[in-house]
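Counting the sequence shown from 1 gives a position; the working numbering is that position plus 105.
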Amino acid sequence: MTRIAIIGAGLAGLHLASRLQDKADVTVFEKSRGVSGRLATRRIDDYEFDHGAQFFTARSDIFMRFLAPFISSGVVQPWEPRVLTLAQGEKPYRRDWFECHYVAVPAMTSLCKAMAAALDIRLHAHVTGISPCAGPPRNAWSLQSGGETLPELFDWVISTAPLPQTRQLFQGPNAEPDILSGDEQADVLPCYTLMLGFETLPSLPLEAARVKHASIDWIALNHSRPGRSALPAMVVQSTHAWARQHVDSAEGQVRDDLLHDLANVLATPLPEPRVMALHRWRFAKAEPPLDTTYFLDADRQLAACGDGFTESRVEGAFLSANALADALVQRL
Ligand SMILES: Cc1cc2nc3c(=O)[nH]c(=O)nc-3n(C[C@H](O)[C@H](O)[C@H](O)COP(=O)(O)OP(=O)(O)OC[C@H]3O[C@@H](n4cnc5c(N)ncnc54)[C@H](O)[C@@H]3O)c2cc1C
């Protein structure tokens, strides 16, 4: 049976693995201690923060069909917060959503956890390099992880890591140089997420807000999502442009700047948070993403997919993985 190594257990990697597992011997390697990638949830004491993707929409029939069983089982549910647009010095106004915005329940990680149940996944497995091994009996790839070369060989290596990490892996000294480079360079922008847990919150006229501000782009009350802990938990996301300017700033400075700007945009004094944490997403969003749906080198049996291709959001990651799966099943 064909042996496939998939790097990354976000939505793209897990969907690809589910599609291929009947046709091949598939192993997913994930560097973190859990699955889900940027569909992320952080727990601090009893507080919960969905600190990566905030929601997802389903505009294509194929993604909607994929979601249908998860919607039926309640793992995916609509989120209908009261959303405002906030701009400093302007009167806040209500922002209506005209399409369904979904979240996973009870945490953003729940969708990927449900998908992962039937898959062979190795956690804490950071793949740091890949090397071609010449046959006989057949050419294959070996993987480096944890400072050593893994004993298994793979016929295919497929990366679903964010583009800069995929490039780094595929441009190692033993692999073909310049794969995924040339004209197809996409910039991958950072983002900061500030997580604030309160004992109580003053009454706010919003459950989420799109913010027109230099540093803050989005605010959400995490406890307004279905199935979450009732403890007041606020997620504040920076703009990508501001994060890029401050990507190497000291954590304390970034936190203080965001807290200061938050107080200004909310125009309401907030109590002292009981818990506070900052997360830096170095690779949050491809801007612009590559205009191909996936990368496939059939001769070398190397491929890549994920949200860096076509559209840098949850549905884009799914569509990229699904299209690559369509192309690969014909070859297995
Ligand atoms: C702050 C933020 C807010 C967002 N908001 C939204 C939103 O509201 N709506 C929306 O639709 N999208 C949103 N997105 C984008 C969305 O989260 C992503 O498009 C989607 O989750 C990408 O899925 P993926 O599987 O392609 O990549 P990922 O989820 O990044 O999965 C890749 C996985 O690969 C692993 N990995 C990387 N390198 C290696 C390696 N060398 N070895 C082993 N494992 C490795 C990573 O740990 C990760 O788990 C947001 C993203 C961020 C960061």
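Where a beta carbon is used, it is the ideal one built from N, C-alpha and C, also for glycine.
### Message
Let me check understanding here. Comparing Cα to Cα, which of G240, Q270, S264 lies closest to F459?
### Response
Any answer about residue 459 is impossible in this case: the structure gives the chain only from 106 up to 437.
### Distance CB(L189)-CB(L311) smaller than 8 Å
Here residue 189 is taken as the residue at index 84 of the sequence shown, counted from 1. Here residue 311 is taken as the residue at index 206 of the sequence shown, counted from 1. In contact: L189 and L311 (Cβ atoms closer than 8 Å).
### Query
P256 and W246: beta carbons closer than 8 Å?
Indexing the sequence shown from 1 puts residue 256 at position 151. Indexing the sequence shown from 1 puts residue 246 at position 141. Contact flag unset, no.
### Where the alpha helix (DSSP H) containing G118 begins and where it ends
Taking the sequence shown and counting its residues from 1, one reaches residue 118 at position 13. From DSSP, the alpha helix (DSSP H) with G118 extends over 116-125.
### Whole-angstrom distance between L248 and T254, CA atom to CA atom
Translated into positions along the sequence shown, residue 254 becomes position 149. Translated into positions along the sequence shown, residue 248 becomes position 143. Distance between the alpha carbons of T254 and L248 is about 6 Å.
### Task
Return yes when at least one heavy atom of ligand 1 lies under 7 Å from the C-beta of H351, else no.
As a working note, residue 351 is residue 246 in the sequence shown. No, ligand 1 has no heavy atom inside 7 Å of this Cβ.
### Query
What whole-angstrom Cβ distance do E153 and A212 have, given they're in contact under 8 Å?
Along the sequence shown, read from residue 1 onward, the residue named residue 153 stands at position 48. Along the sequence shown, read from residue 1 onward, the residue named residue 212 stands at position 107. Sure, about 6 Å apart at Cβ, within 8 Å.
#### Entry: Distance between beta carbons of C410 and A117, contact taken as under 8 Å
If you number the sequence shown from 1, residue 117 lands on position 12. If you number the sequence shown from 1, residue 410 lands on position 305. Correct: roughly 5 Å between the Cβ atoms.
### Query
In terms of residues, what are the limits of the alpha helix (DSSP H) holding F275?
To locate residue 275, count along the sequence shown from 1; it is residue 170. Unbroken alpha helix (DSSP H) run through F275: 268-275.
### Task
For the beta strand (DSSP E) containing W246, list its first residue and its last residue.
Residue mapping note: residue 246 aligns to position 141 of the sequence shown, counting from 1. Residues 245-250.
### Query
Can you list, in chain order, the residues of its chain whose CB lies under 7 Å from that of P464, leaving out five sequence neighbours each side?
Residue coverage of the chain in this structure runs from 106 to 437, which leaves residue 464 outside it and unanswerable.
### Message
Using a Cβ-based criterion (distance less than 7 Å to any ligand heavy atom), does I226 qualify as near ligand 1?
### Response
Residue 226 sits at position 121 when you count from the first residue of the sequence shown. It does not: the Cβ of I226 is nowhere closer than 7 Å to a heavy atom of ligand 1.
### Task
Tell me whether Q342 sits in a helix, a strand or coil according to DSSP, three-state version.
Here residue 342 refers to the residue found at position 237 of the sequence shown. In this structure, Q342 counts as strand in the three-state DSSP scheme.
### Message
Suppose you measure from the CA of L274 to the CA of E195; what does that come to, to the nearest Å?
### Response
Counting from one through the sequence shown, the residue named residue 274 turns up at place 169. Counting from one through the sequence shown, the residue named residue 195 turns up at place 90. Near 47 Å, if we compare the C-alpha coordinates of E195 and L274.
### Task
May I ask you to list the residues that DSSP assigns as paired with T254?
Taking the first residue of the sequence shown as position 1, residue 254 is located at position 149. According to DSSP, which records beta bridges pairwise, T254 is partnered with Q249.
### Task
Leaving aside the five residues before and after R108 along the sequence, list all residues of the same chain whose C-beta is less than 6 Å from its C-beta, in chain order.
Within the sequence shown, residue 108 is the residue found at index 3, counting from 1. Hits under 6 Å: D130, F259, D260.
### Query
Starting from H384 and walking both ways along the beta strand (DSSP E), at which residues does that stretch end?
In the sequence shown, counting from the first residue as 1, residue 384 sits at position 279. Element bounds for H384: 380-391.
#### Entry: Pick from S177, F203, D322 that is closest to A192, judged by C-alpha positions
Within the sequence shown, residue 192 is the residue found at index 87, counting from 1. A192 has its Cα closest to that of D322, out of S177, F203, D322.
### Task
Have a look at the DSSP bridge pairing and note the partners of E153.
One-based indexing of the sequence shown puts residue 153 at position 48. Beta-bridge pairing links E153 to R148.
### Task
Measure the C-alpha to C-alpha separation of H231 and S137 and round it to an integer number of angstroms.
Position 126 of the sequence shown holds residue 231. Position 32 of the sequence shown holds residue 137. Whole-angstrom Cα-Cα distance: 8 Å.
### Message
For W347, which residues in the same chain have their Cβ closer than 7 Å to its Cβ, ignoring the five residues on either side in sequence?
### Response
For the purposes of this step, residue 347 is taken as the residue at position 242 of the sequence shown. Excluding sequence neighbours, W347 sits near A319, S320.
### Query
Whose C-beta lies closer than 7 Å to the C-beta of H328 among residues of the same chain, with five residues either side of it excluded?
Counted from its first residue, the sequence shown places residue 328 at position 223. Contacts found: S334, A335, L336, P337, A338.
### Task
Less than 8 Å between the CB atoms is what I'm expecting for E392 and H345, so what's the real figure, rounded?
Here residue 392 refers to the residue found at position 287 when the sequence shown is read from its first residue. Here residue 345 refers to the residue found at position 240 when the sequence shown is read from its first residue. Contact flag correct, Cβ pair sits at about 7 Å.
### Task
Take P197 as the anchor and find which of G251, A314, A426, M300 has the nearest alpha-carbon.
Along the sequence shown, read from residue 1 onward, the residue named residue 197 stands at position 92. Looking at the Cα atoms, A314 is the closest of the given residues.
### Task
Whole angstroms is fine: what's the gap from T271's alpha carbon to L407's?
Position 166 of the sequence shown, counted from the start, is the residue given in the question as residue 271. Position 302 of the sequence shown, counted from the start, is the residue given in the question as residue 407. So the two alpha carbons sit approximately 11 Å from each other.
### Query
Does any C-beta atom of chain D lie closer than 8 Å to the C-beta of A129?
The question asks about chain D, but that chain is absent: this structure has only one protein chain.
### Task
Compare the Cα-Cα distances from G357 to each of D402, Y297, R227 and report the closest residue.
What you label residue 357 is simply residue 252 of the sequence shown in a count that begins at 1. Selected option, being the one with the closest Cα: Y297.
### Task
Could you tell me the distance, in whole angstroms, from the CA atom of R148 to the CA atom of V352?
Working through the sequence shown from its first residue, we reach residue 148 at position 43. Working through the sequence shown from its first residue, we reach residue 352 at position 247. If I take the Cα positions, the gap works out to 24 Å.
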